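K.L.:
Have a look at this one before I ask anything.
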Amino acid sequence: MRRLSVLLLLAIPLTAQQPAPAAPRAFTPNDWYKVTQLSAPAMSPDGKLVAFTVTTVVERENKRHSEIWAVPTAGGDPVRYTSPGYESSNPRFSPDGKYLFFTSNRPGGRGNTWALRMDQPSGEATQVENYPSGSLPKDKSFAVFDAVADTSGGFGGGARGRGGFPGGFPGAGAVAGAANAMAFPPFGAITKPVDDKRFDGRHIVTFPYKANGIGFIPNPRQARVIRPFQIFTQKFDGSKRVQITDTRYSHAAVQVSPDGKSVAFIADAQLRPDSVVQQIADSLSKLPYDMERENAPRNDRDIYIVPISGGEPRKVASLQGDESGLEWSPDGKKLLFISRPERTKNARLMLIDAAGGAPTNLTNGWQYEPSSAEFLPNGDILMSADVGARTALFVVTAKNGQMREIVGGRRVIRGFARDEKAKQVAYVATSVASPTELYIADLDGKNERKLTAFNDKVNAEIAWSDAEKFTFQGVGGLTVEGWVMKPFGYQAGKKYPLVLYIHGGPHSRYDEGWFDEFQNLAGAGFMVLYTNPRGSSGSGADFTFSTRGRWFAEDYQDLMQATDIAAKRADVDSTRMGVTGGSYGGVMTAWVTSHTNRFKAAETDRMISNWWSWYGASDAQGLTEFEFYGKPWDNPAMYDSLSPIRYVKNVKTPTLMVQSEEDHRTPMADADQWFMALKKQGVPVEWVRYPRSNHDLSRTGEPWLLVDRLGRLRQWFAHWLKP
């Protein structure tokens, strides 16, 4: 008894000495490595399992790694289904639920689609070469899909509507002995190397010849051949694909009717050959800008139905604009689709009888736009949409267009999937203070529960900052959304420095999801201000395109008005404010610092300073041709007046510049000009150029470089704003 008492006494202090869980701390750049991203959910047909992609960062190897995991919808521990030795993503189930398909970089296969047996989750994946993927009739006996028919009997590549080149990607089949495949004379070239073994330069005759994320595009060695996308059927017994159309125009959004007797598709409005459509597009692109011609309503594509056995297609709908997202109703009597009448008008959710007639606009008068839509078994419609800065799921009544939001709140949904009977819906969601996780709810939105906990550990370790939302009336009475994120360790009664963030696009948006850059500066002691000024997406096409031809006018005023509101807060030190942004946000930052000295420090990312030089060096000339009403020589005054370099003599703000060496979207030349101008004027400026990186460094760049950039942002603003 005495021995037991001694043991008990000894045990008491040991228990008391156990350290208490550490209080959550501030985010630092290196914490970025710890956050797990979930995406691409897919639900099994019986609704018992959800597969999804899990992406982590392998810090020591400076890379991201993706795997397929699955979790029971009833709850339980997630299970990894793919080998950690390979990259795997984008899962989908076979119609009978017996196989899980996914894309992977496994060696030894002809393609990148692989399959796992669901009754052998630890088994070895097998290469899939002849398993169809596409639209299914009600009995799931075969699939219907569109593909390019290769002349060799296989299936070729090529971008939809533009065709491809013999032999695959341009430049395939380089001449043996050539020092550089790019150096071999491209098709249509007049000059050629004197000695191809001694020439290792580039010979460019085509456009485009470079692209962000790809780099320089190899020259075509043969004339471009337009290969239209045809309709194919294939059974699930391993038999060969059967081509049911042979046309000179492409078929898109191919959907088979529930009874398997008809195929609906979207095609050029006049069923013109792809080559003719491309020739017209090429010709128009060379003409001087004509606003009347550009803005005139036009009918780009229409909806058709063709018998499953082939034959003459029947036009079902002829609408101004463009159609997408085609789907049959469960009874096969109607077709659902999304229609955009003009580029600057709202997309609409439309319903039409398969027999023809006038379509019904189910979202008539709605400010927002459908992102995707699909029929439910009862004939209603499941629709997703961006609503301001958040994402929501709706059930739309097909009879009258009545909407009911089933999944919403201040968060963003990054992919969703439902079971075959539409009893429940699974979705990946994130909020400002919560990285992605997988959730599930009944289809009425009730009984929501969290299925995964991949970020629970980092959530307990780090005190994520939330954001306070506010709205204000901008110029002309437009309602603009804004947010203020308080810093880590916020104390009432204290004043903090503030950094204004400006998003890119310009027609993108800041959303209600977790964002590393905001957490980075909040963790360093800064208030973070961000807004969706006019020109942002998510609030309807009128709001989005209100800045066309008016860049840096009302959008600039929206940003300054938001800054005025934040600067009046009792917890903001208006003498210590900074500004930063990337792409459009980068050029806007340059515009801001050349038009006001209210900010004491700035950081430009992927910036543009001179629209003339940008137009000649970028891969995105179509942006300004549309936004600025033509090419530089069509509208030189606008290109001149909207170039920040014209006002650079006004800049006094210390500026950090970040640019990527392989960025073909906002090339280095504009940063060259801005850096030189600031340096010559004695403005404090530093320029960081990241190697092996393109326009997407801050999103998908090499982890070490991405984290380095986060660190430099903190250092720069800490030096000038002193949190």
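In my numbering, the protein residues as written are 271 to 993.
Built from N, CA and C at the ideal position, the CB exists for glycine as well.
In this text, all values refer to a predicted model and were calculated from it rather than measured experimentally.
1) State the Cα-Cα distance for the pair arginine 295 and glutamate 731, rounded to the nearest angstrom.
2) Identify whether leucine 770 lies in helix, strand or coil by the three-state DSSP scheme.
3) What span of residues does the alpha helix (DSSP H) with lysine 604 cover, start to end?
4) In three-state DSSP terms, what is valine 918?
5) From which residue to which residue does the alpha helix (DSSP H) around methionine 858 run?
6) Could you give the DSSP three-state label for histidine 825: helix, strand or coil?
7) Do the stretch 887-896 and the stretch 927-947 make contact, defined as three or more Cβ pairs closer than 8 Å?
8) Could one say the Cβ of alanine 419 lies closer than 9 Å to chain C's Cβ atoms, at least one of them?
9) If you run the structure through DSSP and keep just helix, strand and coil, what is methionine 938?
10) Just to confirm, is the Cβ distance from alanine 643 to glycine 591 under 9 Å?
11) Quick check on this structure: which residue in Ser963, Lys408, His521, Asp529 has the alpha carbon closest to the alpha carbon of proline 543?
12) For glutamine 504, count neighbouring C-beta atoms within 10 Å of its own C-beta (all shown protein chains included) and say buried if the count is 16 or more, exposed if not.
13) Per DSSP, what are the beta-bridge partners of proline 640 in this structure?
14) Please check the pair tryptophan 882 and proline 902, which I expect to be a contact at CB under 8 Å, by giving their CB distance rounded to whole angstroms.
15) Do you know offhand how far tryptophan 957's Cα is from tryptophan 974's?
16) Count the C-beta pairs between the stretch 327-335 and the stretch 745-753 that are closer than 8 Å, then say yes if the count reaches three, no if not.
17) Look up tryptophan 753 in the DSSP assignment and say whether it is helix, strand or coil.
18) For serine 654, which option in Ala696, Ile496, Met755 has the closest C-alpha, if you only look at C-alpha atoms?
19) Contact check, arginine 876 vs glutamine 929 under 8 Å by CB: the rounded distance?
20) With histidine 989 as the anchor, note down where its alpha helix (DSSP H) starts and where it stops.
21) If I follow the unbroken alpha helix (DSSP H) through glycine 595, where does it start and stop?
22) Leaving out the 5 sequence neighbours to the left and right, which residues in its chain are closer than 7 Å to glycine 433 when beta-carbon positions are compared?
23) Do tryptophan 302 and valine 769 have their C-beta atoms within less than 9 Å of each other?
24) Once DSSP output is grouped into helix, strand and coil, what is the label at glutamate 357?
25) By Cβ distance, which residues of its chain are closer than 7 Å to tyrosine 780, with the 5 residues on each side in sequence left out?
26) Which one or two residues does DSSP pair with isoleucine 501 in a beta bridge?
27) Is the closest heavy atom of the ligand ADP to the C-beta of threonine 298 under 8 Å?
28) For glycine 447, which of helix, strand or coil comes out of DSSP?
29) Please state whether DSSP places valine 475 in a helix, a strand or coil.
30) Write down the C-beta distance between valine 728 and valine 305 rounded to the nearest angstrom, noting that I regard them as a contact closer than 8 Å.
P.N.:
Taking the structure as given:
1) What you label residue 295 is simply residue 25 of the sequence shown in a count that begins at 1. What you label residue 731 is simply residue 461 of the sequence shown in a count that begins at 1. The straight-line gap from Cα to Cα measures roughly 6 Å.
2) Taking the first residue of the sequence shown as position 1, residue 770 is located at position 500. DSSP places leucine 770 in strand when its eight states are reduced to three.
3) Sequence index remark: in the sequence shown, residue 604 carries index 334 (1-based). Lysine 604 -> not in any alpha helix (DSSP H); beta strand (DSSP E) instead, spanning 604-610.
4) Locating residue 918 in the sequence shown gives position 648, where the first residue counts as 1. Residue state, collapsed to three classes: helix.
5) Taking the sequence shown and counting its residues from 1, the one referred to as residue 858 is at position 588. Element bounds for methionine 858: 854-863.
6) The count along the sequence shown starts at 1 and reaches residue 825 at position 555. Note on identity: in this sequence residue 825 is aspartate, with histidine being the wrong assignment. Helix.
7) Flag = yes, the stretch 887-896 and the stretch 927-947 touch.
8) Absent from the structure: chain C. Only one protein chain is present.
9) Here the question's residue 938 lines up with position 668 in the sequence shown. Helix at methionine 938.
10) Here residue 643 refers to the residue found at position 373 when the sequence shown is read from its first residue. Here residue 591 refers to the residue found at position 321 when the sequence shown is read from its first residue. Taking 9 Å as the Cβ cut-off, alanine 643 and glycine 591 do not qualify as a contacting pair.
11) Locating residue 543 in the sequence shown gives position 273, counting from the first residue. For the residues Ser963, Lys408, His521, Asp529, the minimum Cα distance to proline 543 belongs to His521.
12) Residue mapping note: residue 504 aligns to position 234 of the sequence shown, counting from 1. Under a 10 Å Cβ-count criterion, glutamine 504 is classified as buried, with 16 or more other Cβ atoms of the shown protein chains found around its own Cβ.
13) Sequence index remark: in the sequence shown, residue 640 carries index 370 (1-based). Paired residue(s): Ala655.
14) Along the sequence shown, one-based indexing puts residue 882 at 612. Along the sequence shown, one-based indexing puts residue 902 at 632. Going by Cβ atoms, the distance from tryptophan 882 to proline 902 rounds to 5 Å, so yes, they are a contact pair.
15) In the sequence shown, counting from the first residue as 1, residue 957 sits at position 687. In the sequence shown, counting from the first residue as 1, residue 974 sits at position 704. Tryptophan 957 and tryptophan 974 have their alpha carbons spaced roughly 18 Å apart.
16) no
17) One-based indexing of the sequence shown puts residue 753 at position 483. When DSSP states are grouped into helix, strand and coil, tryptophan 753 belongs to the strand group.
18) If you number the sequence shown from 1, residue 654 lands on position 384. Closest option to serine 654, Cα to Cα, is Ala696.
19) As a first step, residue 876 must be located in the sequence shown, where it is residue number 606. As a first step, residue 929 must be located in the sequence shown, where it is residue number 659. That pair is a contact at about 7 Å.
20) As a first step, residue 989 is located in the sequence shown; it is residue number 719 there, counting from the start. Unbroken alpha helix (DSSP H) run through histidine 989: 973-991.
21) Translated into the one-based positions of the sequence shown, residue 595 becomes position 325. That residue, glycine 595, is in no alpha helix (DSSP H); its beta strand (DSSP E) goes 592-598.
22) In the sequence shown, residue 433 corresponds to position 163, counting from 1. Because glycine 433 carries a pLDDT of 30, less than 50, the predicted location of this residue cannot be relied on, and the following value inherits that uncertainty. Excluding the 5 residues flanking it on each side, glycine 433 has same chain C-beta neighbours closer than 7 Å at Arg494, Val495, Ile496, Arg497, Asp544, in chain order.
23) Counting from 1 along the sequence shown, the entry for residue 302 is found at position 32. Counting from 1 along the sequence shown, the entry for residue 769 is found at position 499. The answer is no: Cβ separation not under 9 Å.
24) The count along the sequence shown starts at 1 and reaches residue 357 at position 87. Glutamate 357: coil per DSSP, three-state reduction.
25) Stepping through the sequence shown from its first residue, residue 780 is reached at position 510. Correct list, in chain order: Ala659, His773, Tyr800, Asn802.
26) Your numbering for residue 501 matches position 231 in the sequence shown. Partner(s): Asp416.
27) No copy of the ligand ADP occurs in the structure displayed, which carries no ligand at all.
28) Your numbering for residue 447 matches position 177 in the sequence shown. Low confidence applies to glycine 447: its pLDDT is 36, below 50, so where it sits in the model is not reliable, and the reading given next is rough at best. Glycine 447: coil per DSSP, three-state reduction.
29) Numbered from 1 along the sequence shown, position 205 holds the residue referred to as residue 475. Coil.
30) In the sequence shown, counting from the first residue as 1, residue 728 sits at position 458. In the sequence shown, counting from the first residue as 1, residue 305 sits at position 35. About 6 Å separates the two Cβ atoms, so the contact holds.
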